[in-house]
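A quick write-up on the structure given underneath.
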Amino acid sequence: MNVSEQPEINSEIQLNGISWFHYANASLFIVAIVLGFLGNSLVVLAFILSKRIRTTTNIFIVNLAVTDILTTAPMFCVVWLSVSNEEAIIHSLNLWCSLLLLLGRGLGGCSILTLVLIAVSRWILITKRIETYRYIYRRKTVFIILLLTWFYSIVLSCLPGFLNDIHYNFNGTFRICQITEKSYQFSFLNISSSIVPYYTIAPLIVIYCYGSIFKHVKTNNRRIDGKRTVVRTISG
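Position 146 (the sequence shown) corresponds to 588 in our numbering; numbering is contiguous.
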């Protein structure tokens, strides 16, 4: 979906007056924007200034921080929709709803995939040989992985929005954009490019990686405790 195209939006938008709820909602989002921006900016700054943490795999953490910083852009859209007057919203509704859809899906997907990359890198580091870890996570390889991650998140996860006729329903009470076309939400393209990878495969990979790490560490601790017991028995 091109931002310049006009998706079908309900022309009879009825907005309730701006109430304390809308101001409270906007305030919460502003707090989230400020805290998220500051916290993630510190992560990026620490990576730049400290050579000790400027490792290859920490680039994944920096990538996650950058993605979260960029995610504040859709939050600004929500703040604007919460406190703007009816005329301003109606005239620019297509732009704001398009930004919320494209940026939200693309950046959110990139964050999820980066969390998967972090989990996999820790799993390989802890459970596999160090030679295997160093061979896989060379600097050039890491940058290629990140480029593919951004490509998939921005292009493929947003592809259903470009190829389908999207219908928006603007909720005047809560002042949010909603996609009402069920054929879009449950289309094969949307399911295969977004729903299955982000909300099924990604969580399963993360759970497996950290579960395997826990099992590996627990097994090694038992071996160490067993060796200590044998040493004490012999020395006693």
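Here a beta-carbon is modelled for each residue, glycine too, at the ideal position from N, C-alpha and C.
Would residue i pass as a contact of residue j if the rule is Cβ separation under 8 Å?
i	j	result
Thr514	Phe479	yes
Ile647	Ala561	yes
Leu588	Ile501	yes
Ile634	Arg547	At residue 634 the sequence reads Ser, which differs from the Ile that was named. Not a contact, by the Cβ cut-off of 8 Å.
Thr569	His464	no
Arg576	Ile655	no
Thr591	Cys552	yes
Thr574	Ile586	no
Out of the options, which one is the CA nearest neighbour of residue i?
i	options	result
Val508	Gly550, Ile566, Lys657 and Arg494	Gly550
Val558	Thr661, Pro645, Ile666 and Glu573	Pro645
Leu521	Ile472, Tyr652 and Ile586	The identity of residue 521 in the sequence shown is Val, whereas the question assumes Leu. Among Ile472, Tyr652 and Ile586, the Cα nearest to that of Val521 belongs to Ile472.
Leu555	Pro639, Arg581, Ile586 and Leu491	Pro639
Cys619	Met517, Arg494 and Thr661	Met517
Asn505	Ile495, Ser492, Val485 and Cys519	Val485
Val584	Asn663, Trp462, Ile503 and Ser492	Ile503
Leu631	Leu598, Ile495 and Leu470	Leu598
Ser526	Tyr594, Arg665, Arg581 and Ser461	Ser461
With a threshold of 8 Å on Cβ separation, who are the neighbours of residue i within its own chain once the five nearest residues in sequence on each side are excluded?
i	result
Glu454	Confidence at Glu454 is low in this model, with a pLDDT of 44, below 50, so its placement is unreliable and no value can be given for it.
Tyr579	Thr498, Thr499, Ser563 and Ile566
Gly668	none
Give every residue of the same chain whose Cβ lies closer than 6 Å to the Cβ of residue i, excluding the five residues on either side of it in the sequence, and list them in chain order.
i	result
Asn467	Ser524
Ile572	none
Ile596	Gly548
Leu491	none
For residue i, collect the residues of the same chain with a Cβ closer than 7 Å to its Cβ; drop the 5 residues on either side in sequence, then sort them by chain order.
i	result
Glu447	Residue confidence is low: Glu447 scores 44 on pLDDT, short of 50, so the model does not pin down where it sits. No coordinate-derived value is stated.
Tyr652	Ala561
Ile495	Ala488 and Phe489
Following a CB-centred definition, is residue i positioned closer than 7 Å to any heavy atom of the ligand GDP?
i	result
Asp667	This structure lacks the ligand GDP, and indeed carries no ligand of any kind.
Exercise. Please specify which runs of the beta strand (DSSP E), each continuous and at least 3 residues long, are wholly inside the region 472 to 532, giving them in chain order.
Key: none
Quiz prompt | Unbroken stretches of the alpha helix (DSSP H), 4 residues or longer, contained in the region 572 to 603 | solution = 572 to 578 and 581 to 593
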